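Q: After the structure tokens below, expect a handful of questions from me.
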Amino acid sequence: MELTLLRPLPSEPGVVSQWFGENPALYARFGLAGHNGLDYAATEGTLVLAAHAGRCNVGYDPQGYGWHIRIGADNQECLTLYAHLKAVLVCENQCVAAGETIGTLGSTGFSTGPHLHFGLRLLRGRNPAYRDWVDPVPFRTGC
């Protein structure tokens, strides 16, 4: 699969505070073998950017991702997740370009402080222990 993801935050803010696969005991309650994405700790209100072009799906889950956006890639092979947002700045089914501002970083849902949970899910079933979520690091440009 050909996919290159941009960094979901502007170049300066945000450090990875939790990597893919960490804390398996905590994520077992969600049926996962470990953390299913990358957490970027940053100041609340930091802009969140689309890592690739696609169509947006907006949701709210107070016990999980809080305010979140899923962007389906145009090739329909994957989607990216941007969770725990303070504000959603796109509409349902809106098409976005890579690098476009889609929301602001927050701490909604199951969260211990301001951060962006960024996930990559392959839609062809390649990682059952993580419900097909995969480590986004190999697909990223930039940190």
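Residue numbering for the sequence shown follows the numbering used here, starting at 18 and increasing by one per position.
Each residue gets a CB set at the ideal place from its N, CA and C atoms; glycine is no exception.
Keep in mind it's a predicted model, so treat the numbers as computed, not measured.
What do you reckon, are the CB atoms on residue 81 and residue 127 nearer than 7 Å?
A: Position 64 of the sequence shown, counted from the first residue, corresponds to residue 81. Position 110 of the sequence shown, counted from the first residue, corresponds to residue 127. Yes.
Q: Would you mind listing the alpha helix (DSSP H) stretches within the segment 39–121 that are 4+ residues and don't spill past its ends, in chain order?
A: 41–44
Q: So does residue 23 have its beta carbon nearer than 6 Å to some heavy atom of the ligand COA?
A: For the ligand COA, the structure offers nothing, since it holds no ligand at all.
Q: Return the residue from the list 24, 50, 23 and 21 that minimises the CA-CA distance to residue 145.
A: As a first step, residue 145 must be located in the sequence shown, where it is residue number 128. When each option's Cα is compared against that of residue 145, the closest is 50.
Q: Could you name the residues of the same chain whose beta carbon sits closer than 8 Å to that of residue 61, not counting the 5 residues immediately before and after it, in chain order?
A: Stepping through the sequence shown from its first residue, residue 61 is reached at position 44. If the five residues before and after residue 61 are omitted, its C-beta is found closer than 8 Å to the C-beta atoms of 103, 121, 122, 123, 124 and 131, all from its own chain and listed in chain order.
Q: For residue 56, count neighbouring Cβ atoms within 10 angstroms of its own Cβ and tell me buried if that reaches 16, exposed if not.
A: For the purposes of this step, residue 56 is identified with residue 39 of the sequence shown, where counting begins at 1. It counts as buried.
Q: In or out: residue 92 buried (at least 16 other Cβ within 10 Å) or exposed?
A: In the sequence shown, counting from the first residue as 1, residue 92 sits at position 75. Exposed, by the Cβ-count rule.
Q: Between which two residues does the beta strand (DSSP E) holding residue 135 run?
A: As a working note, residue 135 is residue 118 in the sequence shown. 132–139 is the span of the beta strand (DSSP E), which, as asked, contains residue 135.
Q: Closest by CA to residue 46, which one among 140, 156 and 147?
A: Counting from 1 along the sequence shown, the entry for residue 46 is found at position 29. Of the candidates 140, 156 and 147, the one whose C-alpha sits nearest the C-alpha of residue 46 is 147.
Q: Out of 34, 79, 154 and 100, state which residue places its alpha-carbon closest to the alpha-carbon of residue 66.
A: Walking along the sequence shown from the start, residue 66 turns up at place 49. For residue 66, the nearest C-alpha among the options comes from 100.
Q: Of all the options 48, 25, 109 and 54, which has the alpha carbon lying nearest to the alpha carbon of residue 39?
A: Stepping through the sequence shown from its first residue, residue 39 is reached at position 22. Taking only the C-alpha atoms, the option nearest residue 39 is 54.
Q: How would you call residue 143, buried or exposed, if buried means at least 16 neighbouring beta carbons within 10 angstroms?
A: One-based indexing of the sequence shown puts residue 143 at position 126. By the neighbour-count criterion, in which a residue is buried when 16 or more other Cβ atoms sit within 10 angstroms of its Cβ, residue 143 is exposed.
Q: Report all residues from its chain with a CB closer than 8 Å to the CB of residue 106; omit the five preceding and five following residues, and keep chain order.
A: The residue given as residue 106 occupies position 89 in the sequence shown. Around residue 106: 118, 119, 120 and 121.
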